[in-house]
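Protein chains in written order, with the working numbering: chain A, 1 to 801; chain B, 1001 to 1287; chain C, 2001 to 2158.
To keep things clear, I will list the structure first and then write my remarks on it.
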Amino acid sequence: MDNPTEQQDREDTLKGVGCSRRRKEDARFVQGTGRYTDDIKLPGMLFADMVRSPYAHARIKSINKEKALALPGVHAVLTADDLKPLNLHWMPTLAGDVQAVLADEKVHFQYQEVAVVIADDRYIAADATELVEVEYEELEVLVDPHRAMDADAPILREDLVGKMDGAHSVRVHDNHIFNWQAGEKDATDRVFEQAEVTVKQDMYYPRVHPCPMETCGCVASYDKINEHLTVHLTSQAPHVVRTVVSMLSGIPESRVRIVSPDIGGGFGNKVGIYPGYVVSIVASIVLGVPVKWVEDRMENISTTAFARDYHMTGEIAADSEGRIKALRVNVLADHGAFDACADPSKFPAGLMHICTGSYDIPVAHLNVDGVYTNKAPGGVAYRCSFRVTEAVYVIERTIDVLAQKLGIDKAEIRRRNFVKVEQFPYKTCLGWELDSGDYHTALEKVLNAVDYESLRREQQEKRAQGELMGIGLCTFTEIVGAGPSRNCDILGVGMFDSAEIRVHPTGSIIARMGTITQGQGHQTTYAQIIASELGISSDDISIEEGDTDTAPYGLGTYGSRSTPVGGAATAVAARKIRAKAQKIAAHLLEVSENDIEWDIDRFKVKGVPGQEKTMKEVAWAAYNNVPEGMEPGLEAVDYYDPPNFTYPFGIYLCVVDIDKSTGETSVRRFYALDDCGTRINPMIIEGQIHGGLTEGFAVAMGQEMPFDEQGNLLGNTLMDYFVPTFVETPHWETDYTVTPSPHHPLGAKGVAESPHVGSIPCFTSAIVDAFSHLDVTHMNMPHSAYRVWQKVHELGLDSPV
Amino acid sequence: MIPAQFEYHKATSIQDAIAQLGAHEESKLLAGGHSLLPMMKLRFAEPPHLIDINGIEELRGIRLDGDTICIGAMTTENELIQSEILQQHCPLLVEAARLVADPQVRNRGTIGGDVVHGDPGNDHPAVMLALDATLVLHGPDGERQTPANGFFLGTYWNDLQEHEILVELRVPVIKKGVGHGYHKLKRKTGDYAVAASPVVVELDGDVCRDIRIALTNVAPMAIRAEAAEAILRGKAIDEALIDQAAREVVAACEPAEDLRGDALYKSNMAAEMARRSIRAALQQARG
Amino acid sequence: MTKQHVAFKLNGKQVDVLVEPRELLVHTIRESLSLTGTHIGCESSHCGACTVDLDGKSVKSCTVLAVQANGSELKTVEGLADAEGLHAVQQAFIEEHGLQCGFCTPGMLIRAYRFLQENPNPTEEEIRWGMSGNLCRCTGYQNIVKAVQSAAQTLQKA
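Now the structure itself:
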């Protein structure tokens, strides 16, 4: 008989799936020996710094480099004219557009890169940028996207004039990028015409910035002798960067090495390919020495990859009981001056068509128009999967509006509309197949945990006393793990991901993945997956990512795709190894493979106690005693093309108290229940949720990138751009249910982005709820004290002055 | 974010600092540096000479001289917070310092630097107005003393004369019947105030013998809300009077609109901070 | 511009560097002295990633000139561990999952190290106030608070 205690001991030794293993990466980080891009110093390395446009829209009349070149220590000053012979003054974007690497005749947004200075060090480079003389002729600026397609709007992209065949659709105006639709327009319209109840809500999801603690940067190093280019850079997708660099430079991909070293947070900011990277590479090739470029915080917020900027209208048609009959969503998307959104090629509005949310909606229509304005390009997924944050926001806000109109409690209206547990897998009317979920159970768990009824009673009492208390609810479904290559690719490369695992003769393991950690703890959790699959302690498993010379090709880490795709590849690769190991074990034990069973860390002969071989023993045999005809060694590679996305969900509830005198909001309670399917490392999951909630809090309560009428970005330092400190950040309560994904090898779904996606509408829901008895249906973010006070004042609730 | 080049000079005494100011054209004093260095990194300021006064011991420290507290201009915010003399005799300064920037910045930032820098967002000018402080200035012609009231003339504009250095700030000890109040609204730790209001009230029984209501960041410089003070002076202050005073605070404000808010919001927040500070000061004065 | 000699004690070792007057202390530490644990996050004294311990006080080294450090004693994250192993704050950050991407971590640790000397037995509110000069985008601070509490307990027992 098996001894349960002994088995548990063996299980514990593995530190596999489900345990809160402490992180492998921490030892170096706490000692200051992490290696981030700016820590890299190569012999002879020069430093690049940008000359940037003070204007949002202007023609460049002339650029005079002479004074800058005369400064001792300056090696080169490059402009678009210098890049032209190499055909590198423009580059393709991930969205099928092109983007100026250095401004070519015109600047299209404030802080656009106009010239680059290469100098001995960053001090001289900074001095030299001041000496480059640029003469501009200001042009009319287009800031408001609602004006973009007016007949008299200034035309931004002269390079596209007359090219009405856009990357995603016909363009109907020179400032138009695309129109994109999903669902059935006519059928949806018909339901609206006949509906008992309809609601309509305009909302603006502001332009925000992911603002990781580490800014973007790179060190490009071209070896002229071997014609080999190595670039260390802050990229969430190093393999894609390698392909793009090879395509742009003409250097064969085999002689391009991209390394993402330790990355100080990404949150979508480090998905894009930026002019700074390109000019550093060009400069290194031209000058034959390594060149470093690291942006400062103002450059980071101003130029590299904003997120959101969606002007949305949500409409619901329902019956008088609040059952949703149809959904209509219209979006005007402000993409800035170049369409550099990071979305799968076929989806110019990302996965926005997940906007039916957690609800059983019979028919829907989504319409998105993208337009150019004189703002920086970007449109990345800021701690979310391609536009899912926007999608969840519009449905969660609109269902709240419906509840309010019908006088139905916002928890109850969700109960009435949730996809039921027996409906999974559930095909949404916009084409997705939700893999699994149990929304009702999760909702009741949260309502009970916070004693929802008594909170509502308390709110009634508070209202009677003239106080403002709000209860927010968000019941979201995410779509992550892009994605099946039948509908997801980046520049034509399918969005699979990969793992390569090698078991060494003595039974320790090295594994490499195509993803790249930026704080998620991949070195810890991938090892846990392998440990559980192969019965080798995760302490004996090394994980490497980010070096394209050694790691298998992968699409990188964003959109919560590491666990759903990379984690699946890891499990499948491990299973390939175990299958081979089983054959070797049978050979060693001299029985048929069918007589063998797996037990935690070893193969056993069924029904014969003591007849067993541990994985360690099998590993040794793999290198000296394999069955005849079998190749030696014990390793496997898997390129995993997921059959579907995964659909994590969550139920969030937030209680706020608003100070009527100042507009300040105090988050009294925030309760977050997440269901990410199988939980690989609960400690890391909880950490990810804390972080995502905090980033959601930042977006909801303070982050914005406001522009004045001249297109000047107001507030691009951490004085103005809201990154909450210890003091402002609320305390978080977390909870979970487990509904495994039926198609993922481990049942895992991904988690890090849910708390960002789900918390933001929850905060808005809470703030609006505080005013809902006064017929307020929506308030736009950010819910800063200033803006909340404006509502208080408008309603005459503040103390008379 | 790299400053332009400059020559660095370390002053060894007040006299030396004054001499160096005279010797180097367009030179600037380097105190805590947390306002000046960021401006230099943005190249909004490019002084060719910096005179570092951090090493001058005589500019540091807090001492009690009878009914007067003398605070060296180079005393840091954290030294203000930790000072037992201030905790006991001038709680307003401790409160105000606690709400300046963040712990690290408070280790460098100095009260004197804050008072003379000239940004309307600096916190201590209004505190000095409320406390009716006296500034001790040394220049080529020797020492002069001037009341804080009247010193602040506009944004980056005050009564500091050429080659003059702020040496010391003198504030009265809090007495029986006197109360301090301080409230500050800011968007987050590390931000300047949306509005702040230090208040000092002196009671004679129930009657307000004197009151000083000062305001931060709602005008080109720190100001006193004198009309509001006039409403309260000589009266037994109640909520109705505070409301009236708050209206005068709003009228006194002329804030610049920025991301913290428009004029309406900032003026109203100044009034609300003043309201709260008046209440707190009254409570303290009543013992 | 004439360079100047600057000498100070860095993590217990005397060092001597030649710097331009305008050189920021963080660059001297990272570039000239090759200790890259101290990070640059905002350059405007808001984020605290560049926090070092200067003469027993936490300061943001992006807003201190290297010349101002002459004659001082400096400690960076690299100076926290000793022959005995990791410092209690380092161990606590690992145990309580007080870090993710690791970029803010050195500044957090060197600040926590000093904070716990200023206040050896802090409440949660005092920790949040005392650490408020350091920004983190990953953790939401909750586990950092736990780590500082846990380190406080360890240090008190020691």
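Cβ atoms here follow ideal geometry from the backbone N, Cα and C, with glycine treated the same way.
Non-local beta-carbon contacts of residue 549 of chain A in its own chain, meaning distances under 6 Å to residues more than five positions away in sequence, involve 257 in chain order. Inter-residue distance for residue 96 of chain A and residue 1259 of chain B is about 35 Å (C-alpha atoms, whole angstroms). In this structure, residue 695 of chain A lies near residue 383 of chain A, with their beta-carbon atoms less than 8 Å apart. In this structure, residue 2053 of chain C and residue 2110 of chain C form a Cβ contact; the two beta carbons are roughly 6 Å apart against a cut-off of 8 Å.
For residue 2129 of chain C, the enclosing alpha helix (DSSP H) begins and ends at 2124–2130.
For a Cβ distance threshold of 7 Å, residue set 2021 and 2022 of chain C lies close to residue 1006 of chain B, ordered along the chain. By DSSP's assignment, residue 363 of chain A forms a beta bridge with A/326. Contact with chain B is found for residue 719 of chain A, since one of that chain's Cβ atoms lies less than 8 Å from the residue's Cβ. In terms of CA proximity to residue 514 of chain A, A/235 leads the group A/298, A/235, A/470 and A/762. Taking a beta-carbon distance threshold of 8 Å, residue 129 of chain A does not count as an interface residue toward chain C. Judged by beta-carbon spacing, residue 678 of chain A lies within the 8 Å limit of residue 747 of chain A, meaning their Cβ atoms are closer than that value. At least 8 Å separates the beta-carbon of residue 310 of chain A from that of residue 439 of chain A.
The C-alpha of residue 612 of chain A lies about 7 Å from the C-alpha of residue 602 of chain A. Sequence-distant partners of residue 2045 of chain C (beyond 5 residues in either direction) whose C-beta falls short of 7 Å from its own C-beta, in its chain, are 2060, 2062 and 2063. For residue 499 of chain A, the enclosing beta strand (DSSP E) stretches over residues 497–503. Judged by DSSP in its simplified three-state form, residue 1124 of chain B adopts helix.
The continuous beta strand (DSSP E) containing residue 181 of chain A extends over residues 176–183. Taking 8 Å as the threshold, the shortest C-beta distance from residue 1287 of chain B to chain C does not fall below it. If you draw a straight line from the Cα of residue 1021 of chain B to the Cα of residue 1094 of chain B, it is about 32 Å long. In the displayed model, residue 222 of chain A falls within a strand according to three-state DSSP. A Cβ-Cβ contact shorter than 8 Å links residue 177 of chain A with residue 335 of chain A. Considered as a whole, the stretch 1001–1079 of chain B harbours 1007–1010, 1028–1030, 1049–1052, 1062–1065 and 1068–1072 as its complete beta strand (DSSP E) runs of no fewer than 3 residues, in chain order.
Sequence-ordered contacts of the stretch 51–75 of chain A with chain B are nonexistent [C-beta pairs closer than 7 Å].
The stretch 767–778 of chain A makes no contact with the stretch 2004–2017 of chain C: fewer than 3 CB pairs, one atom from each, lie closer than 8 Å. Rounded to whole angstroms, the Cβ separation of residue 118 of chain A and residue 76 of chain A is 4 Å, and the two are in contact under 8 Å. For residue 2046 of chain C, at least one C-beta of chain B is nearer than 8 Å to its own C-beta. Of the other Cβ atoms in all chains shown, 16 or more fall within 10 Å of the Cβ of residue 2037 of chain C; this residue is therefore buried. For the stretch 2054–2070 of chain C, the set of residues with a beta-carbon nearer than 9 Å to any beta-carbon of chain B comprises 2054, 2057, 2058, 2059, 2060, 2062, 2063, 2064, 2065, 2067, 2068 and 2070, in chain order. Around residue 2103 of chain C, the same chain offers 2039 as residues with beta carbons nearer than 6 Å, after the five sequence neighbours per side are excluded.
Chain B places a beta carbon closer than 8 Å to that of residue 2130 of chain C, counting this residue as a contact. In this structure, DSSP gives residue 15 of chain A a state outside helix and strand, which the three-state scheme calls coil. Within the stretch 2087–2107 of chain C, the residues whose Cβ lies closer than 7 Å to some Cβ of chain A are 2090, 2093, 2094, 2095, 2097, 2099, 2100, 2101, 2102, 2103, 2104, 2105 and 2106, listed in chain order.
For a cut-off of 8 Å, the C-beta gap from residue 126 of chain A to residue 103 of chain A is around 20 Å, too long to register as a contact.
Taking 8 Å as the upper bound for CB-CB distance, residue 424 of chain A and residue 434 of chain A are in contact here, some 6 Å apart. DSSP places residue 144 of chain A outside both helix and strand once states are collapsed to three, so it counts as coil.
Contact annotation, residue 110 of chain A with residue 777 of chain A: C-beta distance approximately 35 Å; criterion of less than 8 Å not satisfied.
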